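Position in the sequence shown counted from 1, then plus 189, gives you the working numbering.
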Amino acid sequence: MTLDIPQLNRLYRPIFDAVDRLGRAVVFSCANTQKAHIVASMGMPTIYVAPEERVDAVARTLGQLGAKVAVLPPHFDVLIHRLNANLSNVSARLGALLDFARGDADVLVVSPKALMQYVPRRDLLLASTLTISVGDQLDPVALGERLSKMGYARAFRAEVKGTYAVFGDLIEIFAPQQETPVRIVLDFDQVESIKFFAPETMQGMGRVDSLTLPPASELLADIPAEVIQERIAKARQLQNPKAAARTGEILDDITLRLASNPKD
């Protein structure tokens, strides 16, 4: 059976017109394939919310209908500031958000859980992406400060994802979405070469002319660290003692229930 896409588009035209005219439309009694077709034919950035167990299937269907799709997985850890957060999860989320923010994806498929979780502002996300090319002027100190704001941690060697190291005119960066770190060699303040290397042997694994680095964390801010610290201190002072006590009671109750019956 051949799918007549133009005919289907004519059938769904009233829905498209309602969205164009009103900015919103409510459609009832649609099968999953009909929902996917409508979304794939919208021609505008769209967030598709699907049950968690159907996210991958929805993404595949949308892709088969010609949509450029990104999938936003949920956080594994609610505390997104953790330094030991799962970087593969962070990388997948940031990759999906960047694709959607840059227009490389038309549709962002999310589960209800992922939809309810924190994401950085679009402008902060795009501003926290850095492209370095051979021939660029680069200040190692300024680069280190920029990488720190992007969520990278300074280390002795960039052997772990999300870290960077500076050795005079040599800079190592291990971006979360890369399988190996990269070494940037400077000639004074100019980028002379960009090479991937194996952290175990330090052996080079190929050159590139340009490299785009995404942030290594979703916790991005456009205000000074001192201001953030002041706000944290103020928030602690404003904490409601009764609420804190109640939270402690709830956690104590959960702990007791878990100890008495681990399956409960």
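For every residue, glycine included, the Cβ atom is placed at its ideal position computed from N, Cα and C. Note that the coordinates shown come from a computational prediction; the quantities given were computed from them, not determined experimentally.
Return the bridge partner residues of E415 from the DSSP annotation.
-> DSSP output for E415 lists no bridge partner at all.
With distances taken Cα to Cα, identify the nearest neighbour of Q392 among T369, E242, I204, S399.
-> Taking each of T369, E242, I204, S399 in turn and checking the Cα distance to Q392, the smallest one comes out for T369.
Would you be able to state if there are at least three C-beta pairs under 8 Å between the stretch 219-232 and the stretch 278-292?
-> No, they do not touch.
Cut-off 7 Å between Cβ atoms - residues of its own chain near S382, not counting five sequence neighbours on either side = V323, V374, R396
Tell me the DSSP bridge mates of Y353?
-> R343, I362
Taking 7 Å as the cut-off, is the CB of A364 close to at least one heavy atom of the ligand SAH?
-> This structure simply doesn't include the ligand SAH, nor any ligand for that matter.
Run through DSSP, which three-state label would V374 get?
-> Here DSSP, grouped into helix, strand and coil, assigns V374 to strand.
Assign F217 to one of three DSSP states: helix, strand, or coil.
-> In the structure shown, F217 falls within a coil segment according to DSSP collapsed to helix, strand and coil.
What three-state label does DSSP hand K338 in the structure shown?
-> helix
For P240, which of T352, P413, V299 has the nearest alpha-carbon?
-> V299
When the Cα of V330 is compared with those of P388, A354, T320, D312, which residue comes out closest?
-> A354
For Y237, which beta-bridge partners are listed by DSSP?
-> V298
At what residues does the alpha helix (DSSP H) containing L315 begin and finish?
-> 311-316
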